[in-house]
Structures are given as C-alpha cells and as structure tokens.
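S.K.: Numbering (the UniProt record's numbering), first residue to last: 1 to 518.
Have a look at this one.
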Amino acid sequence: MSNTAVRLAGITKRFPGVVANDQVDLTVEKGSVHALLGENGAGKTTLMNVLYGLLQPEEGDVYVDGERRDFRSPRDAIDAGIGMIHQHFMLVDPMEIWANIVLGQEPRKYFGLTVDEQQAIQEVRDLSERYGFDVDPTETVEDVSVGVQQRVEILKALYRGADVLILDEPTAVLTPQEVEDLYGVLDELTAQGKTVIFITHKLGEAMHSADDITVLRDGESIATVPADETNQDELAEMMVGREVLLEVDVPEHEPGETTLAVDDVTVTDSDDIDRVKDVSFEVRGGEVFGIAGVDGNGQSELVEAITGLESPTSGRIVIEGEDVTGHSRRQRIEDGMAYIPEDRHERGLVMDFDLVENGLLGSQHSEPYSKSGRIEWDTVRGHAEDIIETYDVRPPNADADAHSLSGGNQQKFIVGREFERDPSVVVATHPTRGVDIGSTEFIHEELLDLRQRDRAVLLISSKLDEVRQLSDRLGVMYEGELVDIVDPEETSEEEIGLLMAGERPDGIETVRKTGGKP
C-alpha cells in the first residue's frame with residue numbers, strides 16, 4: 001500500500017432505478033496520471049464524486065495513503081489531500097486570480113481583521129512559479145484565457161494542500177495548443193509527486209496523458225491497463241462492448257448549389273458589443289461546412305441568428321434563394337431548417353415533458369401531427385417510438401420524462417427528432433456533446449447520410465477532430481470573426497489551432513513555409 005495514493009474497493013452507488021457504480025475497484029499509484037475512461041453514463045464522475053465526498057456510497061471503502069476514510073463532504077476530502085477540478089470552472093470572474101485562489105483561506109493581518117493582500121499575491125505567485133504555470137495573480141479571471149482559468153482552478157486545489165487532483169473532462173473547452181500545455185502541466189505535477197486522476201471519454205487523450213487507464217462500462221470496472229500496453233481500438237471495444245469504427249469514412253460526393261447563405265451577418269448584444277462581426281459563408285447541398293473555434297467566440301450568437309432565435313443587427317440569412325432573415329424559428333422549420341441546439345435543456349427539450357410531447361416540439365402545427373388545430377396523439381406517439389427505436393434511446397419508454405434520461409440519451413432523442421424532419425438544411429451545434437462513442441459513430445453516419453442526400457449541413461463543434469473529419473470546408477471563428485475558411489485535409493491540426501487562438505491566415509502561411517512558429 002506504500003506506493004498507492006488512492007484505492008477504492010467495491011464502491012456501489014445507487015440512484016432511483018439506476019446503479020451508477022456496481023462494485024467498482026480502482027487503484028491509483030502515487031505520482032502517476034490515471035485515466036478514468038468510459039462512455040457517457042458509465043459512472044466515471046459518480047465514482048469521483050464519491051472520492052471527493054460529494055456522494056456517499058451504499059457499499060465499499062475509500063482508502064487514501066493506505067488509510068480508510070469516510071468522507072461526508074468535500075471538506076473532508078480536501079482535508080485528506082483530495083482536490084477536484086470540475087468541467088465547469090467554479091471561479092468568480094470579476095475577481096482577481098489571487099482572490100479566487102485564496103478565497104475562504106485568506107492570509108490575514110491586524111489580528112485577523114483584514115486580508116493580507118500582498119502576502120496572498122506573493123503566496124500565489126510562488127505557487128505558480130513552483131509548478132511553472134506562468135499565471136499572473138493580479139489579473140482578473142474574466143480577462144484571461146480558458147487555459148489560464150483551468151490553471152487557476154488547479155492552483156486553488158494545490159493551495160489547499162491537494163496531493164491527489166481529479167480533473168473532470170479537462171480538455172472540453174481548450175484549443176489544441178492549450179491541450180498540449182495541459183499535458184505539460186500534468187507532467188510537472190507528477191514530477192513533483194502529485195497524483196492525477198483524469199476523467200475522459202476521449203481515447204487519444206487517455207493514451208497520450210495517462211500511465212494507467214481504467215475503463216468503466218455501465219457502472220462496472222471492465223479493466224485497468226498500462227497505457228503503453230493497449231491501443232485505441234482495444235479501449236473502444238472495452239468501453240462499448242463491441243468493435244467501433246473510430247475513423248470516419250467520408251465518401252466522395254460532389255456538392256450542388258448553395259442552399260444556405262450567410263451574408264455579412266453582425267450580431268450586437270445588449271451592451272452594444274458586436275459578438276458576430278460581418279460573417280459571410282455559403283453551404284451547398286451535399287456539403288458539410290464546419291465551424292471550429294473555442295467556445296465563446298461568437299458561435300452561439302451566430303447560430304441563434306441563423307436559426308431564427310435572435311435577429312441579426314445587420315446582414316441576411318438566405319435559404320434556397322429566399323431571404324428568411326425576418327422569419328421566426330417556427331417559420332425556419334417550415335423553410336426546411338432543422339436545428340440541434342448547443343444547450344439541450346434550454347433549447348432542445350422541455351424537461352418535464354415526456355418523450356411523446358418532446359417529439360412533437362416544432363411540429364405541433366403541421367400535418368400529420370396536427371389536423372384542424374387538433375393534435376393527433378396516436379400519430380405523435382408513433383413518431384416518438386420510431387425515434388426511440390431508430391436512435392437507440394434508453395430507456396425505450398416514450399412515456400419517460402426527458403429529465404429521467406441521461407444527457408447522452410437526451411441528445412440522441414433531439415438528433416433523431418431533428419433529422420426526421422427531412423430538412424434541406426441542418427444546423428448541428430455540438431451534436432455529439434455528452435454522447436458515447438457508439439452513439440457518436442451513429443450520429444456521424446447520419447450527418448454523412450444527409451450529405452449524400454444533398455442536404456446542406458452546418459456543423460459547429462468544439463471537437464476539432466470531429467469538424468476536421470466530417471467537414472468538406474472548415475471556417476474558424478475567433479472573437480466574432482470568421483478568420484479563415486480552409487480545406488481540412490490540407491490544413492494541419494496545429495494550423496487550425498493557431499487560427500482558433502487568433503492567428504491570422506498570413507501567420508499560418510509562415511508556419512507552413514518555415515515549419516516553425518508564426
């Protein structure tokens with residue numbers, strides 16, 4: 001036990017109707033990076049929430065440094081040297097970095113009456129320099145990049161004495177360069193004796209970053225293997241329980257005429273800030289046009305303007321030659337536009353509705369689901385059941401409320417509903433977010449099937465490998481601008497990552513010519 005940082009023995013955690021963890025064992029060696037790999041709903045985050053004291057198991061034991069622990073809260077786990085960096089950062093954006101890091105544990109002066117700001121800044125600076133993080137403690141959180149914000153979260157845990165760091169899907173919002181920087185951070189942490197547990201569903205990241213990999217499937221631990229003794233195909237089969245096609249096979253297809261045109265669209269927010277700046281592009285029938293970019297660079301506002309959820313400040317949206325800029329969301333559906341939203345809870349589903357009712361959304365005024373102002377519920381139920389069967393939505397119960405489904409199954413239901421509209425244009429925003437490998441494979445096949453049937457597909461995704469593999473042409477957004485449109489087959493991941501970070505096309509050309517930095 002002397003070299004074991006964490007051992008979980010027979011952890012079982014149940015929720016109503018679901019066994020999230022079923023007798024799970026996990027052993028993590030000190031000074032290592034251990035990847036916890038599995039599909040959406042496999043039980044990864046639940047297991048780590050048990051280790052962090054957010055959840056208490058019905059069965060099983062938690063050991064830290066060989067000592068059995070009973071964590072009743074995160075405070076207990078923190079006191080035992082466990083830190084957790086959540087997928088969605090828990091920072092106070094208007095506050096300076098140092099204040100976020102020491103919050104709740106501020107050094108004080110004058111008999112504890114006031115915060116010793118200078119000491120706090122120096123302590124944070126020393127901690128940052130110790131781990132090579134290059135973080136300025138006096139900067140404001142909202143003014144730094146997402147990658148720096150993630151380092152701030154790690155520094156928060158280290159400031160509280162964490163020896164074991166749990167990172168939950170840490171690359172979800174990072175550029176490729178920031179992902180590489182994160183790998184460097186992990187190397188530095190383990191070099192200084194820290195232990196990292198890395199929750200992910202991304203095979204490549206597990207292989208690249210981890211010393212050992214534990215695969216969970218349906219709440220059970222399938223295997224733990226050294227990263228250098230396995231490969232992505234084996235891991236995928238362990239995750240899903242069958243062979244999975246990891247590479248997308250994109251068939252040759254000649255695109256047709258322009259179906260969707262976005263012409264000089266600008267979107268200004270309530271603070272009079274341009275979130276989208278004079279964006280123009282076309283999507284042809286039989287083409288997937290991808291948009292890459294770090295979340296928060298105008299993609300959401302652009303999609304809202306295209307789909308009719310918001311009105312652009314200027315510019316036009318044209319579908320099959322018709323200016324639809326003034327059309328409502330309902331009219332856009334009638335114009336032939338389907339939409340997979342970024343936020344499935346806010347835009348895609350009514351969480352208290354069952355799947356029959358959710359399957360009707362957007363079609364409640366149209367035949368065959370509505371006749372003479374009256375809903376044809378038998379037809380609507382049949383439609384929902386067809387979506388459930390075709391898209392393998394679990395549980396296969398049309399009367400189940402949307403909130404009772406996992407995030408991945410909610411996403412599959414939305415995708416099915418939108419694809420079944422037989423649209424001429426599909427706006428797919430993060431269509432595989434929170435979706436497991438098997439379902440991702442299926443959704444990719446469906447998108448390519450739409451392409452083969454000469455539909456226009458606009459694909460917006462923060463997954464760079466997804467937009468690179470699926471797109472015929474790829475636009476990159478940065479701070480509201482479409483900085484370039486490239487051929488993804490002729491543009492490297494590094495070059496696209498530089499565009500995502502704000503590098504201009506002439507700088508990318510320098511990279512191509514010199515093989516170096518711009």
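Just so you know, even glycine gets a beta-carbon here, dropped at the ideal spot from N, CA and C.
Just so you know, these numbers come straight off a predicted model, no measurement behind them.
1. Report the rounded CA-to-CA distance for ILE166 versus SER32, giving the unit in angstroms.
2. Quick check on DSSP: helix, strand or coil for ILE87?
3. Write down every uninterrupted run of the beta strand (DSSP E) in the stretch 190 to 228 whose length is 3 residues or greater and which is fully enclosed by it, in chain order.
4. Around the C-beta of TRP377, are 16 or more other C-beta atoms found within 10 angstroms, so that it is buried, or is it exposed?
5. Check whether the stretch 14 to 30 touches the stretch 69 to 87, taking contact to mean three or more Cβ pairs, one atom from each stretch, closer than 8 Å.
6. Please go through the same chain and pick out, in chain order, the residues whose beta-carbon is closer than 7 Å to the beta-carbon of HIS327, but skip the five residues on each side of it.
7. Where does GLY362 sit, in a helix, a strand or coil, going by DSSP?
8. Return the residue from the list GLU490, ASP487, TYR478, GLU489 that minimises the CA-CA distance to LEU498.
9. Might you give, ordered along the chain, the residues of its own chain that have their beta carbon closer than 8 Å to the beta carbon of GLN452, omitting 5 neighbours on each side?
10. What residue range is occupied by the uninterrupted beta strand (DSSP E) comprising GLY290?
11. To which residues does DSSP link GLU322 through a beta bridge?
12. Using C-beta distances below 7 Å, list every residue in its chain close to residue 525, excluding the 5 sequence neighbours before and after it, in chain order.
13. Using CA atoms only, rank isn't needed, just tell me which of ASP228, TYR369, GLY373, VAL393 is closest to GLY382.
14. Tell whether a beta-carbon distance below 8 Å holds between ASP211 and ALA227.
15. Would you check if the stretch 181 to 198 and the stretch 27 to 44 touch, i.e. whether three or more CB-CB distances between them fall below 8 Å?
16. Would a C-beta distance cut-off of 8 Å place ALA120 and GLY60 closer than the cut-off?
17. Relative to the C-alpha of ASP401, which residue among LEU361, ASP354, SER314 is closest?
18. Quick one: grab the DSSP three-state call for TYR52.
19. To the nearest angstrom, how far is the alpha carbon of GLU481 from that of VAL146?
20. When we look at the beta-carbon of HIS365 and count the other beta-carbons within 10 Å, is it buried (16 or more) or exposed?
21. ASP487 lies in the beta strand (DSSP E); which residues open and close that run?
22. Tell me the DSSP secondary structure of VAL28 in three-state form.
M.R.: Result, derived from the coordinates:
1. Position 166 of the sequence shown, counted from the first residue, corresponds to residue 166. Position 32 of the sequence shown, counted from the first residue, corresponds to residue 32. C-alpha of ILE166 to C-alpha of SER32: approximately 12 Å in a straight line.
2. Along the sequence shown, one-based indexing puts residue 87 at 87. The amino acid occupying residue 87 in the given sequence is Gln; Ile does not appear at that position. Correct three-state label for GLN87: coil.
3. For the stretch 190 to 228, whole beta strand (DSSP E) runs of length 3 or above, ordered along the chain, are 195 to 200, 212 to 217, 220 to 226.
4. What you label residue 377 is simply residue 377 of the sequence shown in a count that begins at 1. Exposed, because fewer than 16 other Cβ atoms sit within 10 Å of the Cβ of TRP377.
5. The stretch 14 to 30 is not in contact with the stretch 69 to 87.
6. As a working note, residue 327 is residue 327 in the sequence shown. Answer for HIS327: GLY308, ASP335, listed in chain order.
7. For this step, residue 362 is matched to residue 362 along the sequence shown. DSSP places GLY362 in coil when its eight states are reduced to three.
8. Taking the sequence shown and counting its residues from 1, the one referred to as residue 498 is at position 498. Nearest neighbour of LEU498 by Cα position, chosen from GLU490, ASP487, TYR478, GLU489, turns out to be TYR478.
9. Here residue 452 refers to the residue found at position 452 when the sequence shown is read from its first residue. Taken in chain order, the residues that qualify are PRO251, HIS253, GLY286.
10. Working through the sequence shown from its first residue, we reach residue 290 at position 290. Note, GLY290: beta strand (DSSP E), 287 to 292.
11. For the purposes of this step, residue 322 is taken as residue 322 along the sequence shown, with counting starting at 1. According to DSSP, which records beta bridges pairwise, GLU322 is partnered with ILE319.
12. Examination of residue 525 is not possible in this model, given that the chain is present from 1 through 518 alone.
13. As a first step, residue 382 is located in the sequence shown; it is residue number 382 there, counting from the start. Looking at the Cα atoms, TYR369 is the closest of the given residues.
14. Sequence index remark: in the sequence shown, residue 211 carries index 211 (1-based). Sequence index remark: in the sequence shown, residue 227 carries index 227 (1-based). Going by C-beta atoms, ASP211 is nearer than 8 Å to ALA227.
15. The stretch 27 to 44 makes contact with the stretch 181 to 198: 3 or more CB pairs, one atom from each, lie closer than 8 Å.
16. Reading the sequence shown from its first residue, position 120 is the one you call residue 120. Reading the sequence shown from its first residue, position 60 is the one you call residue 60. Annotated as distal: ALA120 and GLY60, with beta-carbon spacing of 8 Å or more.
17. Within the sequence shown, the letter at position 401 stands for residue 401. The shortest C-alpha separation from ASP401 is found at ASP354.
18. Residue mapping note: residue 52 aligns to position 52 of the sequence shown, counting from 1. In the three-state reduction of the DSSP assignment, TYR52 falls in the coil class, being assigned neither a helical nor a strand state.
19. Mapped onto the sequence shown, residue 481 falls at position 481. Mapped onto the sequence shown, residue 146 falls at position 146. Going by the C-alpha atoms only, they are around 19 Å apart.
20. In the sequence shown, counting from the first residue as 1, residue 365 sits at position 365. Answer is exposed; the Cβ neighbour count stays below 16.
21. As a working mapping, residue 487 is identified with position 487 in the sequence shown. Annotation: ASP487 is outside any beta strand (DSSP E) and is labelled neither H nor E by DSSP.
22. Translated into positions along the sequence shown, residue 28 becomes position 28. Strand at VAL28.
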